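Numbering (full-length UniProt numbering), first residue to last: 1 to 287.
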(Lines of atoms letter the chains of each structure in order from A and count residues from 1; the text may use other names and numbers.)
(Lines give C-alpha, C1' and ligand atoms only; values in the text may rest on other atoms or scores of the structure.)
Protein backbone atom coordinates (compact mmCIF):
# COMPACT_ATOMS: atom_id res chain seq x y z
CA UNK A 1 0.00 0.00 0.00
CA UNK A 2 2.98 2.28 0.65
CA UNK A 3 4.10 1.89 -2.98
CA UNK A 4 0.65 2.94 -4.20
CA UNK A 5 0.65 5.96 -1.86
CA UNK A 6 4.10 7.01 -3.13
CA UNK A 7 2.97 6.62 -6.75
CA UNK A 8 -0.07 8.85 -6.05
CA UNK A 9 2.15 11.41 -4.29
CA UNK A 10 4.59 11.43 -7.22
CA UNK A 11 1.75 11.90 -9.73
CA UNK A 12 0.33 14.76 -7.66
CA UNK A 13 3.77 16.43 -7.71
CA UNK A 14 3.67 16.16 -11.52
CA UNK A 15 0.45 18.20 -11.42
CA UNK A 16 2.18 20.80 -9.20
CA UNK A 17 5.11 20.98 -11.65
CA UNK A 18 2.76 21.58 -14.60
CA UNK A 19 0.96 24.34 -12.70
CA UNK A 20 4.31 26.00 -11.95
CA UNK A 21 5.15 25.81 -15.66
CA UNK A 22 2.28 28.24 -16.24
CA UNK A 23 3.50 30.53 -13.45
CA UNK A 24 7.12 30.67 -14.67
CA UNK A 25 6.33 30.49 -18.42
CA UNK A 26 8.20 27.25 -18.99
CA UNK A 27 7.85 25.83 -22.53
CA UNK A 28 6.10 22.56 -21.82
CA UNK A 29 7.31 20.47 -24.79
CA UNK A 30 11.01 21.15 -24.16
CA UNK A 31 10.59 20.63 -20.41
CA UNK A 32 8.77 17.34 -21.08
CA UNK A 33 11.66 16.01 -23.17
CA UNK A 34 14.21 17.15 -20.55
CA UNK A 35 12.06 15.43 -17.93
CA UNK A 36 12.25 12.13 -19.81
CA UNK A 37 16.05 12.37 -19.98
CA UNK A 38 16.20 13.10 -16.22
CA UNK A 39 13.80 10.23 -15.43
CA UNK A 40 15.95 7.86 -17.52
CA UNK A 41 19.09 8.90 -15.60
CA UNK A 42 17.33 8.44 -12.23
CA UNK A 43 16.34 4.90 -13.22
CA UNK A 44 19.86 3.99 -14.32
CA UNK A 45 21.20 5.38 -11.04
CA UNK A 46 18.79 3.20 -9.00
CA UNK A 47 19.45 0.02 -11.01
CA UNK A 48 21.82 -2.15 -8.99
CA UNK A 49 23.06 -4.41 -11.80
CA UNK A 50 25.34 -3.75 -14.75
CA UNK A 51 23.74 -2.06 -17.74
CA UNK A 52 24.66 -4.33 -20.65
CA UNK A 53 23.09 -3.29 -23.98
CA UNK A 54 23.32 -6.82 -25.43
CA UNK A 55 21.35 -8.28 -22.49
CA UNK A 56 18.77 -5.49 -22.69
CA UNK A 57 18.22 -6.18 -26.40
CA UNK A 58 17.80 -9.90 -25.68
CA UNK A 59 15.36 -9.28 -22.80
CA UNK A 60 11.76 -10.37 -23.43
CA UNK A 61 10.52 -6.89 -22.43
CA UNK A 62 12.89 -4.95 -24.73
CA UNK A 63 10.21 -3.89 -27.23
CA UNK A 64 7.96 -2.64 -24.39
CA UNK A 65 9.88 0.57 -23.58
CA UNK A 66 10.01 1.40 -27.31
CA UNK A 67 6.23 1.09 -27.58
CA UNK A 68 5.61 3.00 -24.34
CA UNK A 69 8.18 5.68 -25.16
CA UNK A 70 6.46 6.47 -28.46
CA UNK A 71 3.05 6.36 -26.75
CA UNK A 72 4.16 8.77 -24.01
CA UNK A 73 5.11 11.50 -26.50
CA UNK A 74 2.15 10.81 -28.81
CA UNK A 75 -0.44 10.92 -26.01
CA UNK A 76 1.16 14.05 -24.55
CA UNK A 77 0.82 15.86 -27.88
CA UNK A 78 -2.75 14.58 -28.30
CA UNK A 79 -3.59 15.87 -24.80
CA UNK A 80 -2.14 19.28 -25.66
CA UNK A 81 -4.13 19.40 -28.92
CA UNK A 82 -7.32 18.26 -27.14
CA UNK A 83 -6.88 20.99 -24.51
CA UNK A 84 -6.50 23.59 -27.27
CA UNK A 85 -9.48 22.39 -29.33
CA UNK A 86 -11.95 21.10 -26.73
CA UNK A 87 -10.70 22.54 -23.43
CA UNK A 88 -8.48 21.43 -20.55
CA UNK A 89 -11.38 19.73 -18.75
CA UNK A 90 -12.14 17.48 -21.70
CA UNK A 91 -8.47 16.46 -21.96
CA UNK A 92 -8.33 15.75 -18.22
CA UNK A 93 -11.55 13.71 -18.20
CA UNK A 94 -10.45 11.68 -21.26
CA UNK A 95 -7.11 10.90 -19.59
CA UNK A 96 -8.49 9.82 -16.22
CA UNK A 97 -11.57 8.01 -17.57
CA UNK A 98 -9.14 5.72 -19.38
CA UNK A 99 -8.83 3.73 -16.13
CA UNK A 100 -11.75 1.71 -17.60
CA UNK A 101 -9.34 0.02 -20.05
CA UNK A 102 -6.83 -1.49 -17.55
CA UNK A 103 -9.72 -2.36 -15.19
CA UNK A 104 -11.49 -4.36 -17.92
CA UNK A 105 -8.14 -5.88 -18.98
CA UNK A 106 -7.50 -7.17 -15.46
CA UNK A 107 -10.99 -8.64 -15.10
CA UNK A 108 -11.20 -10.22 -18.58
CA UNK A 109 -7.63 -11.46 -19.16
CA UNK A 110 -6.40 -12.15 -15.62
CA UNK A 111 -9.76 -13.29 -14.19
CA UNK A 112 -9.45 -10.80 -11.35
CA UNK A 113 -12.34 -10.88 -8.88
CA UNK A 114 -14.10 -7.73 -7.74
CA UNK A 115 -16.71 -7.64 -5.01
CA UNK A 116 -20.07 -5.98 -5.63
CA UNK A 117 -19.00 -3.06 -3.41
CA UNK A 118 -15.76 -2.64 -5.39
CA UNK A 119 -17.71 -2.54 -8.66
CA UNK A 120 -19.95 0.17 -7.16
CA UNK A 121 -16.76 1.98 -6.05
CA UNK A 122 -15.30 1.85 -9.57
CA UNK A 123 -18.51 3.24 -11.08
CA UNK A 124 -18.52 6.02 -8.46
CA UNK A 125 -14.85 6.68 -9.27
CA UNK A 126 -15.73 7.32 -12.93
CA UNK A 127 -18.43 9.79 -11.90
CA UNK A 128 -16.00 11.39 -9.42
CA UNK A 129 -13.29 11.81 -12.06
CA UNK A 130 -15.77 13.44 -14.42
CA UNK A 131 -17.21 15.84 -11.83
CA UNK A 132 -13.88 16.82 -10.24
CA UNK A 133 -12.15 17.39 -13.59
CA UNK A 134 -14.86 19.53 -15.19
CA UNK A 135 -13.61 23.08 -14.58
CA UNK A 136 -15.09 24.84 -17.62
CA UNK A 137 -18.71 25.83 -18.10
CA UNK A 138 -20.88 25.23 -21.17
CA UNK A 139 -18.39 22.98 -22.95
CA UNK A 140 -19.33 22.09 -26.52
CA UNK A 141 -17.35 19.77 -28.76
CA UNK A 142 -17.90 19.58 -32.50
CA UNK A 143 -18.36 16.08 -33.89
CA UNK A 144 -15.21 16.42 -35.99
CA UNK A 145 -13.21 17.06 -32.81
CA UNK A 146 -14.45 13.98 -30.92
CA UNK A 147 -11.57 11.94 -32.35
CA UNK A 148 -9.04 13.83 -30.20
CA UNK A 149 -10.43 12.99 -26.71
CA UNK A 150 -11.18 9.48 -27.99
CA UNK A 151 -7.51 9.01 -28.94
CA UNK A 152 -6.36 10.45 -25.58
CA UNK A 153 -8.72 8.02 -23.79
CA UNK A 154 -7.46 5.06 -25.84
CA UNK A 155 -3.76 6.01 -25.65
CA UNK A 156 -3.80 6.60 -21.88
CA UNK A 157 -5.60 3.32 -21.32
CA UNK A 158 -3.13 1.40 -23.48
CA UNK A 159 -0.21 2.87 -21.49
CA UNK A 160 -1.64 1.68 -18.15
CA UNK A 161 -2.63 -1.70 -19.58
CA UNK A 162 0.84 -2.20 -21.11
CA UNK A 163 2.50 -1.45 -17.77
CA UNK A 164 0.30 -4.13 -16.15
CA UNK A 165 1.10 -6.61 -18.94
CA UNK A 166 4.88 -6.21 -18.71
CA UNK A 167 4.83 -6.27 -14.91
CA UNK A 168 2.82 -9.51 -14.99
CA UNK A 169 4.51 -11.34 -17.84
CA UNK A 170 8.08 -10.12 -18.25
CA UNK A 171 9.61 -8.22 -15.31
CA UNK A 172 11.45 -9.33 -12.21
CA UNK A 173 11.63 -7.05 -9.17
CA UNK A 174 15.28 -6.27 -9.95
CA UNK A 175 14.43 -5.16 -13.50
CA UNK A 176 11.81 -2.55 -12.52
CA UNK A 177 14.28 0.40 -12.26
CA UNK A 178 15.91 -0.53 -15.59
CA UNK A 179 12.59 -1.06 -17.37
CA UNK A 180 11.24 2.27 -16.09
CA UNK A 181 14.46 3.99 -17.13
CA UNK A 182 14.29 2.50 -20.63
CA UNK A 183 10.68 3.66 -21.04
CA UNK A 184 11.66 7.26 -20.31
CA UNK A 185 14.83 6.95 -22.39
CA UNK A 186 12.82 5.86 -25.43
CA UNK A 187 10.32 8.67 -24.79
CA UNK A 188 13.23 11.13 -24.70
CA UNK A 189 14.63 9.82 -27.99
CA UNK A 190 11.20 10.06 -29.64
CA UNK A 191 10.82 13.61 -28.32
CA UNK A 192 14.26 14.63 -29.56
CA UNK A 193 13.40 13.36 -33.04
CA UNK A 194 10.12 15.30 -32.85
CA UNK A 195 11.73 18.63 -31.90
CA UNK A 196 14.58 17.93 -34.33
CA UNK A 197 12.03 17.87 -37.15
CA UNK A 198 10.36 21.02 -35.77
CA UNK A 199 13.71 22.82 -35.47
CA UNK A 200 14.15 22.72 -39.25
CA UNK A 201 11.61 25.57 -39.43
CA UNK A 202 12.07 26.98 -35.93
CA UNK A 203 15.68 26.76 -34.67
CA UNK A 204 15.98 25.17 -31.22
CA UNK A 205 17.15 27.47 -28.42
CA UNK A 206 18.43 26.06 -25.16
CA UNK A 207 16.62 27.71 -22.26
CA UNK A 208 17.78 27.23 -18.65
CA UNK A 209 14.21 27.67 -17.39
CA UNK A 210 12.99 24.78 -19.54
CA UNK A 211 15.83 22.56 -18.32
CA UNK A 212 15.14 23.34 -14.65
CA UNK A 213 11.43 22.69 -15.25
CA UNK A 214 12.29 19.35 -16.85
CA UNK A 215 14.43 18.35 -13.86
CA UNK A 216 11.64 19.29 -11.42
CA UNK A 217 9.22 17.17 -13.46
CA UNK A 218 11.52 14.25 -14.23
CA UNK A 219 12.13 12.98 -10.70
CA UNK A 220 8.45 12.59 -9.63
CA UNK A 221 7.57 11.36 -13.12
CA UNK A 222 10.04 8.49 -12.81
CA UNK A 223 8.84 7.50 -9.35
CA UNK A 224 5.16 7.64 -10.39
CA UNK A 225 5.85 4.73 -12.79
CA UNK A 226 8.42 2.99 -10.57
CA UNK A 227 6.13 2.83 -7.54
CA UNK A 228 3.07 1.97 -9.65
CA UNK A 229 4.84 -1.12 -11.05
CA UNK A 230 5.95 -2.09 -7.52
CA UNK A 231 2.38 -1.65 -6.27
CA UNK A 232 1.12 -3.92 -9.06
CA UNK A 233 3.52 -6.62 -7.84
CA UNK A 234 1.99 -6.66 -4.36
CA UNK A 235 -0.93 -9.00 -3.73
CA UNK A 236 -2.94 -6.63 -1.56
CA UNK A 237 -5.25 -5.49 -4.35
CA UNK A 238 -6.24 -6.70 -7.81
CA UNK A 239 -4.90 -4.46 -10.59
CA UNK A 240 -8.46 -3.37 -11.48
CA UNK A 241 -8.96 -1.99 -7.97
CA UNK A 242 -5.42 -0.60 -7.84
CA UNK A 243 -5.72 1.39 -11.09
CA UNK A 244 -9.04 2.78 -9.87
CA UNK A 245 -7.54 3.90 -6.56
CA UNK A 246 -4.50 5.36 -8.31
CA UNK A 247 -6.45 7.44 -10.81
CA UNK A 248 -9.21 8.70 -8.54
CA UNK A 249 -6.78 9.54 -5.72
CA UNK A 250 -4.59 11.53 -8.13
CA UNK A 251 -7.62 13.52 -9.29
CA UNK A 252 -8.76 14.10 -5.70
CA UNK A 253 -5.38 15.19 -4.33
CA UNK A 254 -4.56 17.28 -7.43
CA UNK A 255 -7.89 19.09 -6.96
CA UNK A 256 -7.16 19.74 -3.28
CA UNK A 257 -3.60 20.91 -4.05
CA UNK A 258 -5.06 23.27 -6.65
CA UNK A 259 -7.25 24.82 -3.95
CA UNK A 260 -4.57 25.06 -1.26
CA UNK A 261 -1.54 26.07 -3.34
CA UNK A 262 -2.97 27.83 -6.38
CA UNK A 263 -6.22 29.26 -4.94
CA UNK A 264 -8.36 27.53 -7.56
CA UNK A 265 -12.11 27.97 -7.26
CA UNK A 266 -14.28 24.87 -7.39
CA UNK A 267 -17.91 24.60 -8.41
CA UNK A 268 -20.44 22.52 -6.46
CA UNK A 269 -20.02 19.84 -9.13
CA UNK A 270 -16.24 19.73 -8.47
CA UNK A 271 -16.80 19.41 -4.72
CA UNK A 272 -19.30 16.64 -5.38
CA UNK A 273 -16.61 14.87 -7.38
CA UNK A 274 -14.16 15.10 -4.46
CA UNK A 275 -16.75 13.64 -2.05
CA UNK A 276 -17.52 10.79 -4.47
CA UNK A 277 -13.79 10.19 -4.89
CA UNK A 278 -13.40 9.68 -1.13
CA UNK A 279 -16.40 7.34 -1.07
CA UNK A 280 -15.12 5.32 -4.05
CA UNK A 281 -11.69 4.96 -2.43
CA UNK A 282 -13.33 3.59 0.75
CA UNK A 283 -15.43 1.09 -1.21
CA UNK A 284 -12.60 -0.13 -3.45
CA UNK A 285 -9.94 -0.32 -0.74
CA UNK A 286 -11.92 -1.73 2.18
CA UNK A 287 -14.45 -4.07 0.53
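For glycine and all other residues, C-beta sits at the position ideal for the given N, C-alpha and C.
Predicted model only: the values in this text are computed from it and were never measured.
Would you mind reading off the limits of the alpha helix (DSSP H) that contains residue i?
i: residue 214; result: 208 to 233
i: residue 160; result: 147 to 169
i: residue 62; result: Looking at the DSSP string, residue 62 is not in any alpha helix (DSSP H), and its letter there is neither H nor E.
i: residue 27; result: Unbroken run through residue 27: none, as it is neither H nor E.
i: residue 270; result: 268 to 286
i: residue 51; result: Taken as a continuous stretch (DSSP letters only), residue 51 belongs to no alpha helix (DSSP H), as it is neither H nor E.
i: residue 133; result: 116 to 133
i: residue 202; result: No alpha helix (DSSP H) contains residue 202, which DSSP labels as neither H nor E.
i: residue 236; result: No alpha helix (DSSP H) contains residue 236, which DSSP labels as neither H nor E.
i: residue 99; result: Note, residue 99: premise wrong, no alpha helix (DSSP H); not H, not E.
To the nearest angstrom, report how far apart residue i and residue j are at their CA atoms.
i: residue 209; j: residue 92; result: 26 Å
i: residue 105; j: residue 132; result: 25 Å
i: residue 44; j: residue 52; result: 12 Å
i: residue 224; j: residue 200; result: 34 Å
i: residue 113; j: residue 206; result: 51 Å
i: residue 213; j: residue 168; result: 33 Å
i: residue 134; j: residue 90; result: 7 Å
i: residue 284; j: residue 102; result: 15 Å
i: residue 97; j: residue 22; result: 25 Å
i: residue 116; j: residue 259; result: 33 Å
i: residue 273; j: residue 120; result: 15 Å
i: residue 12; j: residue 50; result: 32 Å
i: residue 37; j: residue 188; result: 6 Å
i: residue 46; j: residue 230; result: 14 Å
i: residue 221; j: residue 111; result: 30 Å
Measuring only between beta-carbons, confirm whether residue i sits less than 8 Å from chain B.
i: residue 246; result: Of the chains in the structure shown, none is chain B; there is only one protein chain.
If distances are taken between C-alpha atoms only, which option among the options comes closest to residue i?
i: residue 253; options: 275, 70, 233; result: 275
i: residue 294; options: 165, 186, 200, 57; result: There is simply no residue 294 to check, as the chain begins at 1 and stops at 287 in what is shown.
i: residue 278; options: 197, 189, 205, 122; result: 122
i: residue 215; options: 249, 234, 41, 99; result: 41
i: residue 219; options: 3, 124, 4, 14; result: 14
i: residue 57; options: 34, 85, 178, 115; result: 178
i: residue 250; options: 172, 77, 125, 55; result: 125
i: residue 176; options: 156, 20, 11, 232; result: 232
i: residue 2; options: 73, 228, 21; result: 228
i: residue 76; options: 202, 191, 7; result: 191
i: residue 127; options: 5, 286, 271; result: 271
i: residue 163; options: 115, 99, 34, 118; result: 99
i: residue 237; options: 152, 287, 36, 50; result: 287
i: residue 78; options: 120, 24, 151, 202; result: 151
i: residue 170; options: 247, 59, 119, 94; result: 59
i: residue 198; options: 70, 255, 30, 46; result: 30
i: residue 267; options: 33, 130, 85; result: 130
i: residue 70; options: 226, 234, 280, 194; result: 194
i: residue 72; options: 186, 255, 280; result: 186
i: residue 10; options: 217, 255, 85, 95; result: 217
i: residue 94; options: 281, 247, 257, 255; result: 247
i: residue 25; options: 222, 281, 109, 211; result: 211
task: Could you tell me whether the segment 232 to 243 touches the segment 263 to 272, where touching means 3 or more Cβ pairs closer than 8 Å?
output: Two segments are said to touch when three or more pairs of C-beta atoms, one from each, lie closer than 8 Å; by this definition the segment 232 to 243 does not touch the segment 263 to 272.
- prompt: Would you call the segment 51 to 69 and the segment 144 to 155 touching, i.e. three or more CB-CB distances under 8 Å?
  reply: no
- prompt: Is the segment 64 to 78 touching the segment 175 to 186, taking contact as three or more C-beta pairs under 8 Å?
  reply: yes
message: Counting beta carbon pairs with one atom in the segment 5 to 22 and one in the segment 152 to 160, are three or more of them shorter than 8 Å?
response: no
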